[in-house]
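Numbering (the numbering used here), first residue to last: 192 to 552. For every residue, glycine included, the Cβ atom is placed at its ideal position computed from N, Cα and C. Just so you know, these numbers come straight off a predicted model, no measurement behind them. Here the structure comes first, spelled out in structure tokens, and everything after it is commentary.
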């Protein structure tokens, strides 16, 4: 990113730098917040609501569960098994084709552990006990599945990454027939809470929450939603994926060090992606990126994205239509390039339209 002229007044430079940094951070926080909210939606929802079938193997202790499912519809799935199904909007037919597949193929759930709750003391899971319901199942997920996933991945689960802790549990009919097995595992929620397909085992992947270069992320009430075609309304577009190992091969770099590296690296990457070093400014877009915290770094996550979007004065994202590499509309109107730099003075490249956000810190 180009620097400021040495004769610029310090107060003006500081104001502009703060404005640009605040805008970048604000957009990044809104994007991350959408992901975290999606995780809560998935994990606290019933997700599975009808009897289903899984092609696995039977056990002497009875069928395992994919919840909620009937007791007679399941075999057992060992840790590391990957499960796939075709989702539908009809609760009577959804997930009827659920089966175990190779983890190298697309799937929606990777098993960490099956837990037989019938062996737990007390009457809560005993014969004839009442069905727990979704709130209790979400508590059981927190109590049992987070530890199960940590054990499965060797305590290297990224809490901020693209994977989430999931729970499959018996249907009400299965519970009435005596099924008490909970299945803990890993899934990949979208920003809106839908379970997305994943390829490969979590054990072999960088867990960073990144979309591929060229992905446009949809928008819902000024908040990022799920990936869409760039011709559809969206919040932002991914211009580059950066592996921080290239710059930081050792321990966790501070956020300031990451920002210093990514400001220049993302600027170069975005200029190349858009085709010129003036396109970002002319289209009044904001360049922003995410950083990796200590917990994610210790889990092995190393990738971040450089993205372009537009901040609203009230906070959140404006609605963009079209890829940033071509003609775009922002909130229904073509962007108006800002005035050219005065003779003898270079204006900074940073973030046109990057006014300080007024919500949060």
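Review point. According to DSSP, what are the bridge partners of residue 434?
Key: 494
**Study point:** 6 Å Cβ shell around residue 421 - same chain, five flanking residues per side excluded
**Key:** 407, 514
Check your understanding: Among 389, 395, 338, 453, which residue has its Cα nearest to the Cα of residue 374?
Key -> 338
Review point. Looking only at DSSP bridge pairs, what is residue 358 linked to?
Key: 375
Practice item. Identify, in the order they occur along the chain, each residue of the same chain with its Cβ nearer than 6 Å to the Cβ of residue 376, setting aside the five sequence neighbours on each side. Key: 300, 301, 302, 303, 357
Practice item. Could you tell me whether the Cβ atoms of residue 510 and residue 424 are closer together than 8 Å? Key: yes
Practice item. Could you tell me whether the Cβ atoms of residue 495 and residue 482 are closer together than 8 Å? Key: A contact, by the Cβ cut-off of 8 Å.
Check your understanding: Buried or exposed: residue 278, going by 16 or more other Cβ atoms within 10 Å of its Cβ?
Key -> exposed
Check your understanding: Are three or more beta carbon pairs between the stretch 376-393 and the stretch 312-331 nearer than 8 Å?
Key -> No, they do not touch.
Practice item. Just tell me which of 462, 378, 410, 397 has its CA closest to the CA of residue 507. Key: 410
Practice item. Decide if residue 466 is buried, meaning its Cβ has at least 16 other Cβ atoms within 10 Å, or exposed. Key: exposed
Review point. Between residue 491 and the rest of its own chain, which residues show a CB-CB distance below 8 Å, the 5 nearest in sequence each way excluded?
Key: 347, 349, 397, 398
Review point. Which residues in the same chain have their Cβ closer than 6 Å to the Cβ of residue 449, if we skip the five residues on either side of it in sequence?
Key: 482
Review point. For residue 486, which three-state DSSP category applies?
Key: helix
Check your understanding: When you compare each of 474, 516, 518 to residue 502 by their alpha carbons, which one comes out closest?
Key -> 474
Check your understanding: Counting along the chain, where does the beta strand (DSSP E) carrying residue 304 start and finish?
Key -> 300-307
Check your understanding: If you draw a straight line from the C-alpha of residue 454 to the C-alpha of residue 461, how long is it?
Key -> 11 Å
Check your understanding: By a C-beta neighbour count over all protein chains shown, 10 Å radius and 16 as the cutoff for buried, is residue 435 buried or exposed?
Key -> Its Cβ being crowded by 16 or more others within 10 Å, residue 435 is buried.
Practice item. Evaluate residue 259 with the Cβ neighbour count: other Cβ atoms within 10 Å of its Cβ, from every protein chain shown; 16 or more gives buried, anything less gives exposed. Key: Legend: pLDDT at residue 259 = 46, less than 50; position of this residue unreliable, no value from coordinates given.
Point to revise | residue 291, enclosing beta strand (DSSP E) - first and last residue | key: 290-292
Point to revise | Sub-8 Å separation of residue 364 and residue 305 beta-carbons | key: no
Practice item. Return the CA-CA distance between residue 370 and residue 524, expressed in angstroms with no decimal places. Key: Put simply, the backbone Cα of residue 370 is about 57 Å away from that of residue 524.
Check your understanding: Mind checking whether residue 499 and residue 471 have CB atoms under 8 Å apart?
Key -> yes
Practice item. Please work out which residues of its chain come closer than 8 Å, Cβ to Cβ, to residue 293, disregarding the five sequence neighbours upstream and downstream, and give them in chain order. Key: Correct list, in chain order: 273.
Point to revise | Sheet register partners of residue 524 (DSSP bridge) | key: 521
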